[in-house]
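J.: Residue numbers (numbering that gives the first Met the number 0), protein chains in the order written: chain A, 0 to 579; chain B, 0 to 300.
Using N, Cα and C, we set each Cβ at its ideal position, and we do this for glycine too.
This is the structure I want to talk about, given as structure tokens.
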Amino acid sequence: MGKLKLPIRVWILVLFIIFALLAIKPTPYATGVQVKSFDVGGDAALAGLEKGDIVLSLNEQDIFTVTEFMTELAKLQIDEQEIIIKTDKEEYTYNVTKNVGFEVNENLTILSVDTAPMQIKETVESINGIEVSNLSDFKATVIKLLPKKIVKIDTNNGKIAFLTRGMPNIIVGEASKSNLKKGLDLEGGTRVLLKPIAEDQEVTEKDIGDIIQVLSNRLNVYGLTDVRIRSSVDWSGEAFILIEIAGVSKEEVKDLIAQQGKFEAKIGNNTVFVGGKEDIPFVCRDDGSCSGVRNCWDQSGQSYCKFEFVIHISPDAAEKHANVTDKLKIISAEDGRDILSEHIDFYLDDKLVDSLQIGADLKGSKTTAIAISGSGVGQDRNSAIQAAVDNMNKLQTVLITGSLPFDLEIAKLDSISPLLGSHFIKNSLLVGLVALLAVALVIFIRYRSWKVLIPMILTSLSELIIILGFAALIEWNLDMAAIAGIIAAIGTGVDDQIVILDEVISGSKERHINWKKRIKSAFFIIFAAYSTTVAAMIPLWNAGAGLIRGFAITIIVGVTIGVFLTRPAFAAIIERLFKE
Amino acid sequence: MLALFFLKMNIKETYMKNYKKLLIIPIIIFAISLIIIFQHYSSTGEIVDKDVTLKGGLTITIYSPIDIPDLKAQLKLEFPKGDIIVRRLTEFGSNEQIGLLIEAAEVEEEELKAVLEEKLNLELTKDNYSVEQVGSSLGNAFYKQMRTALILAFIFMAIVILITFRAWIPAFTIVFCAFADMVFVVAIMNLFGMRLSTTGIAALLMLIGYSIDTDIVITTKALKRKEEGNIVDRMTSGVKTGLTMTISTVVALTVGYFVSQSYVIKEMFLIIILGLIFDVIMTYLFNTGVLVWWTRRKAKY
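The following block contains the structure:
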């Protein structure tokens, strides 16, 4: 029973270790496959799939690994098949997988073309020789040709099922083994440091708040969810915005982030409407009847595709449109149509993106629905279509979210491969292990006692656990800077333990001094060293746009935990072991 | 054991006889370091060469076992204006290459990426390719602010130490030792053509922390432990503690240096190891000497 009477300081340490372990929640044997992301607004999302769900089975097949999931998912992939479509103009033969690649209206007139070779305004007459006369005919034939399949997913949060055509875009990864969050360095993704360019004005805190609002809105509308945005001000008063987006490459988001996104529609010199909710209450997207890639053509070895989508403008903007167009003359276009004497020009960040003729019938009209168009270029048809879809998506995003109050300059742009992280974590653990063994060896050579060595290793390990527990609790992202900080903090801890050992157990001459005094004198040195470390780290808080803050914070947190928790407990244990 | 005992006595006696003369060794090394830095400054206008994280540019990591021996020369031909460094990343133990690290200034990322894809005959995707890009204005701002951070760190530490020991000369000596360690490391970096990065500056700050720990131990022994015997005995026990601290740190960092695959960690560890080795000279020849001289002079009055 006597052995259980540990000093209170040791109990406090044990309590903290338990708390830390609860916070980290290590589940090294966590198995299964966890949902990482899926299309926002897609079939799976509508059926109730949630990020973080553990997939137990897919279509009645038990799932244990990511590969199994991918294999099962790939079974839903539809084989490419040939399709023959006859329109009023021509007969087309092409390959389809997910869908027929065009949209029709109730009269079977083609409204938009995605991957199909026909032109809009043609009318569909038959599919694979089966005549279609109305929309329900058309739909029934298409479903027979490209049947929807049922997807059943059994997760730890219940069962879901939905119908889909083709392979649903669900990205999974291995189930996470603890609550520790990996920083971008270790996880892979894109990091952008932005600086608002304000020429004469001052950038206020509200401005920064507005920028962050618009940017996070944009990234969300674009379909990215794992986004971290924060701002920081450095010593010279320069404001920076740091954006970290996991799992995407910089090409995908660069335009979206760096663009001010100032959209203007002008007729002559008159601005009719600008981007943002105020002038544009509705933007059509993900709806083939009013948004899509309309037609493609080849020109001098390149492929071009045109996209078009409808927006609704506010009554005020419509009024403006009526006033401006009313003053224009009606002229004859090259193809003989009657058009107005000025074009409507669309500008994005002061760059002309498109210029369209205005039909004569729109003169003086308070029209609220306007078609916006643009194009995409590529080496071949498919890449041109993809480029047009991307451009359309970006333009729609900018129109919905409006423009930023300032132009932004990219001060730093990193794109980090996820491979780096997995390598680095394994290697860091190895480095930590050999470093600890090396320290243990030095300590053993010096003191020749297991009574010293074992408490020392245990103390260092408990320090590591508590620092990680703290990181899990405040959802701190562990990146390389933080790992370096942890190494430094634990290194300082070892130094302090040596001070305690030497003050308390060595030097027989000093036996006349009592224990309390010895520990007190050890802690005098420890506190002095602690204060200088913290003093040295504080100036790093704002230096370099706050990018090195993680390093400073980890060291400060680490040494604070050490000084107030682990070292008092270590001293108590050593006192207990050597007091005889 | 007896021989060891005499050796110890001998070191102690020799040291106590000659401690004033021994002060000259750290001072000479410090002076040479200053000269090296001054020479570098007068020829380049910089105290130390900066890498791309501090002057702006690209850091590219490619994960591939493909290695071309003269990749650097080939890149140099393609980008005559560019400032390009190529390093191999290898696995500890097997020495197998796991990737390449390329630092480049004055080169556009798209162009460099295209050339690398062609030379390595490898498609660079987001899975095998990382790039970190620092704008030059940001790099410069980084450098200036990190410099300010270093100066502020020194001022703050000086205040803390002065409050702790309430004596000018010992406090000043501690700060001077930390400063000399830093100067020494920067001089070594100049000699071997190493470049300073943001990581390097963080490492210098860590070095200061470790360096000061041992100085605090011996200063405490000299100033606050009069009851533990004479100055010689107190210093001896302080030196023993301090050396154990430094040796354990240096040994841990050295094995860590060889095992680590991360260039960032390697650079950080190397700077601290170099600094701590010189810190042994600074702490035990300079700081100890000053403390012995100072306590004896005070005792006379």
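(1) Report yes if the CB atom of I562/A is closer than 8 Å to the CB atom of Y529/A, and no otherwise.
(2) Buried or exposed: where does R87/B fall if 16 or more other Cβ atoms within 10 Å of its Cβ makes it buried?
(3) Quick one: list the residues of chain E neighbouring L418/A, beta-carbon separation under 7 Å, in chain order.
(4) Taking S41/B as the query, report the chain A residues whose CB atoms sit under 7 Å from its CB, ordered along the chain.
(5) Excluding sequence positions up to five away, which residues of its chain have a Cβ less than 8 Å from the Cβ of I36/B?
(6) Along the chain, where does the beta strand (DSSP E) containing L355/A start, and where does it finish?
(7) Return the chain-ordered ranges of every alpha helix (DSSP H) run that is complete within the stretch 355 to 440 of chain A and spans a minimum of 4 residues.
(8) Just grab the DSSP bridge partners of W296/A for me.
(9) Kindly indicate the opening and closing residues of the alpha helix (DSSP H) around Q496/A.
(10) What's the call for I40/B, buried or exposed, on a 16-neighbour Cβ count within 10 Å?
(11) Between the stretch 419 to 440 of chain A and chain B, which residues of the former have a C-beta closer than 7 Å to a C-beta of the latter?
(12) Within 8 Å of any Cβ in chain B, is that where the Cβ of P167/A sits?
(13) I409/A to V232/A, Cα distance in whole Å?
(14) Starting from Q260/B, find everything on chain A with Cβ-Cβ shorter than 7 Å and list it in chain order.
(15) Could you pull out every residue in the same chain whose Cβ sits closer than 6 Å to the Cβ of A19/A, ignoring the five residues on either side in sequence?
(16) Going along the chain, which residues of its own chain have a beta-carbon closer than 7 Å to the beta-carbon of N58/A, five neighbours each way excluded?
(17) Distance, Cα to Cα, T64/A vs D153/A?
(18) Under 8 Å between C-beta atoms, does L412/A make it to chain B?
(19) Taking Cβ-Cβ distances shorter than 7 Å, what residues in chain B pair up with W234/A?
(20) Considering only residues of the same chain and omitting the five flanking positions on each side of I271/B, which have a CB-CB separation below 7 Å?
(21) Pull out every residue of the stretch 262 to 274 of chain B whose Cβ sits closer than 8 Å to any Cβ of chain A, in chain order.
(22) Could you tell me whether the Cβ of T282/B comes closer than 8 Å to any Cβ of chain A?
(23) Let me confirm a value: K194/A is counted as buried when at least 16 other C-beta atoms fall within 10 Å, else exposed. Which label applies?
(24) Tell me which residues share the same chain as V106/B and place their Cβ nearer than 6 Å to its Cβ, disregarding the 5 neighbours each side in the sequence.
(25) According to the Cβ coordinates, are V433/A and V254/B closer than 8 Å?
(26) Determine, using beta-carbon pairs with one atom in the stretch 410 to 418 of chain A and one in the stretch 271 to 285 of chain A, whether at least three such pairs fall under 8 Å.
(27) Please tell me whether F423/A and M479/A are closer than 8 Å, where the distance is taken between their beta carbons.
(28) With H, G and I counted as helix, E and B as strand and the rest as coil, what does DSSP make of A29/A?
(29) Who are N94/A's beta bridge partners in DSSP?
(30) Less than 7 Å between C-beta atoms, sequence neighbours within five positions excluded: which residues of the same chain meet that for S507/A?
(31) Tell me whether L14/A is buried or exposed, calling it buried when 16 or more other Cβ atoms sit within 10 Å of its Cβ.
(32) Counting along the chain, where does the beta strand (DSSP E) carrying V150/A start and finish?
(33) Say whether the stretch 165 to 184 of chain B touches the stretch 209 to 224 of chain B, bearing in mind that this needs 3 or more beta-carbon pairs closer than 8 Å, one atom from each stretch.
(34) Buried or exposed: where does G501/A fall if 16 or more other Cβ atoms within 10 Å of its Cβ makes it buried?
(35) Taking 7 Å as the cut-off, does the CB of Q301/A come closer than this to any heavy atom belonging to the ligand MN?
(36) For V121/B, which residues of its own chain have a beta-carbon under 7 Å away from its beta-carbon, when the five flanking residues on both sides are left out?
T.: Well, looking at it:
(1) Sequence check: residue 562/A is Val here, not Ile. Yes.
(2) exposed
(3) The structure shown contains no chain E; its protein chains are A and B.
(4) Near S41/B there are no residues of chain A at all, since even the closest Cβ is about 28 Å away, more than 7 Å.
(5) I46, V47, V182, V185, A186 and N189
(6) K350 to L355
(7) 380 to 400
(8) Y303/A
(9) M479 to V503
(10) According to the sequence displayed, residue 40/B carries Tyr and not Ile. Y40/B is exposed by the Cβ-count criterion.
(11) L419, H422, F423, N426, L429, V430, V433, A434, A437 and V438
(12) no
(13) 16 Å
(14) H422 and N426
(15) I464, I465 and G468
(16) E71, V150 and K151
(17) 14 Å
(18) yes
(19) Q144 and T147
(20) A202, M205, L206, Y209 and L252
(21) V263, I264 and M267
(22) no
(23) buried
(24) F78 and G81
(25) yes
(26) no
(27) yes
(28) coil
(29) E81/A
(30) Note that S507/A scores a pLDDT of 44, beneath 50, so its modelled location is shaky; the value from the coordinates is reported in the next line. Once the five neighbours on either side are set aside, S507/A has no close Cβ partner at all.
(31) exposed
(32) K148 to T154
(33) yes
(34) Before going further, note that residue 501/A is Asp rather than Gly in the sequence given. By the 10 Å Cβ count, D501/A comes out buried.
(35) The ligand MN is not part of this structure, which contains no ligands at all.
(36) According to the sequence provided, residue 121/B is Leu. The question's Val does not apply to it. Closer than 7 Å at Cβ, skipping near neighbours: S63 and I65.
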